[in-house]
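I have placed the structure first, in the form of structure tokens, so that the comments after it can refer back to it.
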Amino acid sequence: MAQTTLISRAQIDQRVAEMGKQITADLQGTEAIALCVLKGAVFFCTDLMRQIGMDMALDFIQVSSYGNEKYSSGVVTILKEPMLEMRGKAVLIVEDIIDSGLSMREVHRYIEGRGAEVVKTATFLDKPAARKVDFKADYVGFSIDPQFVIGYGLDFAEKYRNLPDVQVLTD
Ligand code: IMP
Ligand code: MG
Numbered sequence: 001m002a003q004t005t006l007i008s009r010a011q012i013d014q015r016v017a018e019m020g021k022q023i024t025a026d027l028q029g030t031e032a033i034a035l036c037v038l039k040g041a042v043f044f045c046t047d048l049m050r051q052i053g054m055d056m057a058l059d060f061i062q063v064s065s066y067g068n069e070k071y072s073s074g075v076v077t078i079l080k081e082p083m084l085e086m087r088g089k090a091v092l093i094v095e096d097i098i099d100s101g102l103s104m105r106e107v108h109r110y111i112e113g114r115g116a117e118v119v120k121t122a123t124f125l126d127k128p129a130a131r132k133v134d135f136k137a138d139y140v141g142f143s144i145d146p147q148f149v150i151g152y153g154l155d156f157a158e159k160y161r162n163l164p165d166v167q168v169l170t171d
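Residues in the sequence shown are numbered consecutively from 1, following this note's numbering.
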């Protein structure tokens, strides 16, 4: 398989800093929780949190994903529930990439169901042309064409997560 760089480390750092500033301005004064969607968003989430200039708790959620396939099964189940009390809080869901939108629609609904007062979504990458259900993130790092990408947390069959930049994986 071949790999080509799509988004460089410098572009990532600059965009994440911008997103952090905007989120700080929007969530200032709230009791906020960053809810990192395991496992892919871990890299983005830790960088983003360090660019947010207000106190923020951290929690994790994990949903079923692609398994070892490049395409979604379309069925989303919650594999790991968050630990923190969400009632009355501002929850910032932090995701690596939105593709069909199925995962985020499910996580968003679930967090609303836990009584969060504000639910926002920050995604590092967005593939708007790949949507199967309508879902719009509040904060988007980069919109990309519907191609399969790896690196900066994103994997293919659990490989390539620790690449420092974003690369396109082609057969
Ligand atoms: P959705 O439910 O179809 O929106 O899928 C979102 C999830 O699929 C993401 O959180 C990723 O784990 C995975 N995913 C979607 N596209 C890619 C990709 O291009 N590379 C790696 N993982 C992807
Ligand atoms: Mg994911």
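Glycine is no exception: its CB is placed at the ideal position from the N, C-alpha and C atoms.
{"Check": "The stretch 81 to 92 touching the stretch 104 to 122, judged by at least three CB pairs closer than 8 angstroms", "Outcome": "yes"}
{"Check": "Where Ser143 falls, given that 16 or more other Cβ within 10 Å makes a residue buried", "Outcome": "exposed"}
{"Check": "Cβ-Cβ separation, Met83 to Leu48 (assumed contact under 8 angstroms), whole Å", "Outcome": "Actually they do not touch by this definition, with Cβ atoms about 20 angstroms apart."}
{"Check": "Per-residue DSSP class, three states only, for Ser103", "Outcome": "helix"}
{"Check": "Ile78, buried or exposed, once every other Cβ within 10 Å from all chains shown has been counted against 16", "Outcome": "exposed"}
{"Check": "Phe124 Cβ short of 7 angstroms to the ligand IMP heavy atom set", "Outcome": "no"}
{"Check": "Inside the stretch 9 to 57 only - alpha helix (DSSP H) runs reaching at least 4 residues", "Outcome": "9 to 27, 42 to 49"}
{"Check": "Of the residues Asn162, Ala57, Lys21, the one placed nearest Cys36, counting alpha carbons only", "Outcome": "Ala57"}
{"Check": "Closer than 7 angstroms: Gly115 CB and nearest the ligand IMP heavy atom", "Outcome": "no"}
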